[in-house]
Amino acid sequence: MELRIADEMSIMDKLNILADAAKYDVSCSSSGSSRNGDGKGIGNTVKAGLCHSFAADGRCISLLKILFTNECIFDCKYCLNRRSNDVPRASFTPDEVCSLTMEFYRRNYIEGLFLSSGILYSPDYTMELLCQTLFKLRTEHNFQGYIHVKAIPGADPSLIQKAGFLADRISVNLELATAEGLQKLAPNKHRKNILRPMKLIQNGITANRNEIAVYNHAPHFCEAGQSTQMIIGAMPESDYQIMAVAESLYQKFSLKRVYYSAFVNVNEDKDLPALPGGPPLLREHRLYQADWLLRFYDFTVDELLTEDRPNFNMMIDPKADWAVRHLELFPIEINRADYQLLLRIPGIGVKSAKRIVKARRFGRLTFEDLKKIGVVLKRALYFITCNGKMMYPTKIEENYIVRNLTCPSQASRKERQLFSQDGMIYEQMSLFS
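In C-alpha cells, the structure reads:
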C-alpha cells in the first residue's frame with residue numbers, strides 16, 4: 006500500500022496534537038487478556054489486565070493513548086476533528102507509532118498502547134494503516150504487551166479480522182444511542198456499519214475460543230473482548246433509552262464494557278445543545294452505576310427504569326432509586342435473605358453480600374457484625390432488619406428516605422433520634438446541650 010502521509014512535522018509535534026485529540030475517547034480501559042511474553046520479546050499482559058487508570062488488582066496502569074491521525078473525511082457535528090473544523094492536522098506513520106510505543110515502554114512510562122484514529126482518505130485505507138502498525142509492533146519489535154485498537158466503521162471485514170489477531174481488545178464506537186441521533190449529528194455514519202464489525206468481532210472471539218479449546222497453541226483473537234462508547238447529552242435521549250441500548254449490546258454482542266462519555270461542546274452548531282451547566286458529568290456517573298447493576302447485580306433495565314419514569318433521580322444512586330420505588334419489598338431480614346436479594350439492598354455490594362452469606366453459617370448477624378463485614382449502614386439501615394429489628398425506628402417512606410440519603414448531615418442526625426408512637430421526635434442530648 007502506498008503511504009500518503011506528509012512528514013514535514015516532527016514526531017514530537019505530532020504527538021502533542023494527536024495525544025491531545027485522543028482525550029475525548031474514554032473507552033480505553035480493559036481487562037481479561039493473558040498475552041504472556043515468551044522471553045524473546047518485550048512486554049507482556051497478565052490476566053488482571055490493563056486499563057487507563059487502575060487494573061483489577063488495584064495497580065495504576067498507563068497506556069500510550071493517541072490517534073493515528075486527526076484527519077477525517079467525516080463531518081460529525083460533535084467532533085473536534087470534523088472535516089469542516091479549522092484545527093492543526095497531523096498523521097503518524099506506522100514506524101512512528103512503533104517508535105513512540107517502544108521508547109515509552111523502555112522508559113517505563115507505559116505498559117500498553119491505545120490506538121484510535123480519524124478516517125484518512127477512506128475507512129479501508131485507515132484500517133490498513135492501523136493493521137500495519139500493529140503487525141510491525143508484534144513482529145518487527147516483538148512487542149507482547151497490551152494493545153487496544155479502534156476499528157474503523159465501514160472498513161473491510163478482513164481488516165477487522167486481521168486487527169483482531171494482533172490486538173488484545175477492539176472497540177467500535179456506537180457514538181449515539183439512537184439511529185435518529187446518529188443521522189442528525191453524524192450523517193456520514195450508519196448504524197449498520199457500526200453493528201456489523203461488532204458482530205464480526207463477537208463471532209471471531211467465539212470461534213477462536215473453540216479453536217483454542219482444541220488446539221492449545223492457536224493464535225488468540227481479541228482475547229480481552231470488545232467495548233464501545235456512547236456520547237451522553239448531545240441528543241435528548243432518556244436514561245431508559247440509553248440503558249436499553251447498552252443492555253441490548255451486552256446481550257447481542259457480549260461486550261465487555263459500554264462507556265458513557267458526557268458531551269463536551271467543542272463546536273458551535275445549531276443542532277448541538279448549549280449545556281449552560283457544562284458537561285452532564287453527574288448523569289454520566291449515574292449511568293456507569295446503572296451499568297454496574299446490569300453487569301454484576303442481575304438487574305434489568307425494565308426494573309431500574311420505565312417509560313413512565315425514564316430518568317434516574319440524579320440525587321441518589323440507581324440502586325437506591327430502585328429501592329425507594331419498591332418499598333413494598335422492604336425491610337429485608339438480613340439473616341434470611343438469599344444472595345440475590347442481598348444484592349438489591351442499597352449499601353450492600355457483591356463482596357459484602359458474599360461475606361454475609363458465609364458468616365451466617367456460624368450464627369445470626371447483628372448490625373455491629375454488618376459494619377465489620379463492610380456494609381454501608383448509613384444507606385442500608387432504611388431497608389434491613391437484624392433479628393427482626395431495625396437499627397433504629399425509622400419511616401419506610403420514599404421522600405423521607407431520599408431526604409436522608411441526600412443530606413448526610415441530616416442522616417447522621419437522624420441516627421441519634423427515636424420516633425415515638427405519637428410521631429413526636431425525641432433527640433438524644435449531647436454533652437454540650
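Number 135 in the numbering used here belongs to position 130 of the sequence shown; there are no gaps in the numbering.
Just so it is clear, CB atoms sit at the ideal spot from N, CA and C, and this is done for glycine as well.
Every value quoted in this text rests on a predicted model; they were computed, and no experiment measured them.
Query raised in the report: Applying the criterion that 16 or more other CB atoms from any shown protein chain within 10 Å of the CB defines a buried residue, is Met-17 buried or exposed?
Result: For the purposes of this step, residue 17 is taken as the residue at position 12 of the sequence shown. Answer is exposed; the Cβ neighbour count stays below 16.
**Report entry** Closest by C-alpha distance to Arg-174, when choosing among Val-271, Gly-230, Leu-375
**Finding:** Here residue 174 refers to the residue found at position 169 when the sequence shown is read from its first residue. The shortest Cα separation from Arg-174 among Val-271, Gly-230, Leu-375 belongs to Gly-230.
Report task. Alpha carbon to alpha carbon, how far is Phe-73 from Tyr-293? Give it in angstroms, no decimals. Result -> Reading the sequence shown from its first residue, position 288 is the one you call residue 293. Reading the sequence shown from its first residue, position 68 is the one you call residue 73. Going by the C-alpha atoms only, they are around 28 Å apart.
Query raised in the report: Starting from Gln-234 and walking both ways along the beta strand (DSSP E), at which residues does that stretch end?
Result: Within the sequence shown, the letter at position 229 stands for residue 234. Here the beta strand (DSSP E) through Gln-234 covers 231 to 237.
Query raised in the report: Exposed or buried, which one is Tyr-245 when buried takes at least 16 other CB atoms within 10 Å?
Result: Counting from 1 along the sequence shown, the entry for residue 245 is found at position 240. With a threshold of 16 other beta carbon atoms within 10 Å, Tyr-245 meets it and is buried.
**Report entry** Start-to-end residues for the alpha helix (DSSP H) that takes in Arg-201
**Finding:** Taking the first residue of the sequence shown as position 1, residue 201 is located at position 196. Here the alpha helix (DSSP H) through Arg-201 covers 196 to 219.
Query raised in the report: What is the rounded straight-line gap between the Cα of Leu-20 and the Cα of Asn-113?
Result: For the purposes of this step, residue 20 is identified with residue 15 of the sequence shown, where counting begins at 1. For the purposes of this step, residue 113 is identified with residue 108 of the sequence shown, where counting begins at 1. Their Cα atoms are separated by approximately 18 Å.
Requested in this report: Please go through the stretch 102 to 190 and give each complete alpha helix (DSSP H) segment of 4 or more residues, from N-terminal end onward.
Outcome: Segments of the alpha helix (DSSP H) lying fully in the stretch 102 to 190: 128 to 140, 162 to 171, 184 to 190.
**Report entry** Spatial neighbours of Arg-87 in its chain, beta-carbon cut-off 8 Å, leaving aside the 5 residues before and after
**Finding:** Position 82 of the sequence shown, counting from 1, holds the residue named residue 87. The answer, listed in chain order, is Cys-77, Phe-79, Asp-80, Cys-81, Asn-272.
**Report entry** CA-to-CA distance, Lys-204 to His-225, given in whole angstroms
**Finding:** The residue you call residue 225 lines up with position 220 of the sequence shown. The residue you call residue 204 lines up with position 199 of the sequence shown. One C-alpha to the other measures close to 17 Å.
Report task. Buried or exposed for Glu-242, please, with buried defined as at least 16 other CB atoms from any protein chain shown within 10 angstroms of its CB. Result -> Reading the sequence shown from its first residue, position 237 is the one you call residue 242. If you draw a 10 Å sphere on the C-beta of Glu-242, you find 16 or more other C-beta atoms in it, and that means buried.
Requested in this report: Leaving aside the five residues before and after Asp-30 along the sequence, list all residues of the same chain whose C-beta is less than 6 Å from its C-beta, in chain order.
Outcome: Position 25 of the sequence shown holds residue 30. Excluding its 5 nearest sequence neighbours in each direction, Asp-30 has C-beta neighbours in its own chain below 6 Å: Ser-121, listed in chain order.
Query raised in the report: In three-state terms, what does DSSP make of Ser-96?
Result: In the sequence shown, the residue the question calls residue 96 occupies position 91. It is a strand residue.
Report task. Please state if the CB of Tyr-387 and the CB of Thr-371 are separated by a distance shorter than 8 Å. Result -> One-based indexing of the sequence shown puts residue 371 at position 366. One-based indexing of the sequence shown puts residue 387 at position 382. Taking 8 Å as the cut-off, the beta carbon of Thr-371 is found no closer than this to the beta carbon of Tyr-387.
Query raised in the report: Name the DSSP beta bridge partners of Arg-262, please?
Result: Indexing the sequence shown from 1 puts residue 262 at position 257. Answer is Ser-232, bridged to Arg-262.
Query raised in the report: In the DSSP assignment, what are the bridge partners of Ala-342?
Result: Position 337 of the sequence shown, counted from the first residue, corresponds to residue 342. In the DSSP output, where bridge partners are listed per residue, Ala-342 has none listed.
Query raised in the report: For the beta strand (DSSP E) that contains Ile-71, what are its first and last residues?
Result: In the sequence shown, the residue the question calls residue 71 occupies position 66. DSSP places Ile-71 in the uninterrupted beta strand (DSSP E) bounded by 68 to 72.
Query raised in the report: On the three-pair Cβ rule with 8 Å, is the stretch 329 to 340 touching the stretch 350 to 370?
Result: Output reads yes: the stretch 350 to 370 touches the stretch 329 to 340.
Query raised in the report: Does DSSP put Ile-406 in a helix, a strand or coil?
Result: What you label residue 406 is simply residue 401 of the sequence shown in a count that begins at 1. The answer is helix: DSSP assigns Ile-406 an H, G or I state.
Query raised in the report: If we count Cβ pairs, one from each stretch, closer than 8 Å, do we get three or more for the stretch 147 to 160 versus the stretch 174 to 184?
Result: Flag = yes, the stretch 147 to 160 and the stretch 174 to 184 touch.
Query raised in the report: Of all the options Thr-311, Ile-321, Phe-301, Asn-316, which has the alpha carbon lying nearest to the alpha carbon of Lys-359?
Result: Here residue 359 corresponds to residue number 354 of the sequence shown, with the count starting at 1. When the alpha-carbon of Lys-359 is set against those of Thr-311, Ile-321, Phe-301, Asn-316, the nearest one is in Phe-301.
Query raised in the report: So who's on the other strand from Thr-390, going by DSSP bridges?
Result: Position 385 of the sequence shown, counting from 1, holds the residue named residue 390. Glu-338, per the DSSP bridge assignment.
**Report entry** Helix, strand or coil at Ala-267 [DSSP, three-state]
**Finding:** If you number the sequence shown from 1, residue 267 lands on position 262. In the displayed model, Ala-267 falls within a strand according to three-state DSSP.
Report task. Would you decide whether Glu-185 is buried or exposed? Buried here means 16 or more other CB atoms lie within 10 Å of its CB. Result -> Residue mapping note: residue 185 aligns to position 180 of the sequence shown, counting from 1. Here Glu-185 is exposed, its C-beta having fewer than 16 other C-beta atoms within 10 Å.
**Report entry** CA nearest to the CA of Ala-27, picked from Ser-89, Ser-104, Phe-119
**Finding:** For the purposes of this step, residue 27 is taken as the residue at position 22 of the sequence shown. If we check each option's Cα against that of Ala-27, Phe-119 comes out closest.
Query raised in the report: Three or more C-beta pairs closer than 8 Å, one from the stretch 202 to 220 and one from the stretch 139 to 150: is that the case here?
Result: No, the stretch 202 to 220 is not in contact with the stretch 139 to 150.
Query raised in the report: Looking at the structure shown, is Val-329 part of a helix, part of a strand, or coil, going by DSSP?
Result: Taking the first residue of the sequence shown as 1, we reach residue 329 at position 324. DSSP places Val-329 in helix when its eight states are reduced to three.
Query - Coarse secondary structure for Pro-315, derived from DSSP in three states - result: Residue numbering aside, residue 315 sits at position 310 when the sequence shown is read from its first letter. Annotated three-state conformation of Pro-315 is coil, per DSSP.
Report task. Decide if Ser-15 is buried, meaning its Cβ has at least 16 other Cβ atoms within 10 Å, or exposed. Result -> Position 10 of the sequence shown, counted from the first residue, corresponds to residue 15. It is exposed - the Cβ of Ser-15 has fewer than 16 other Cβ atoms within 10 Å.
Query raised in the report: Between which two residues does the alpha helix (DSSP H) carrying Met-17 extend?
Result: Counting from one through the sequence shown, the residue named residue 17 turns up at place 12. The continuous alpha helix (DSSP H) containing Met-17 extends over residues 16 to 26.
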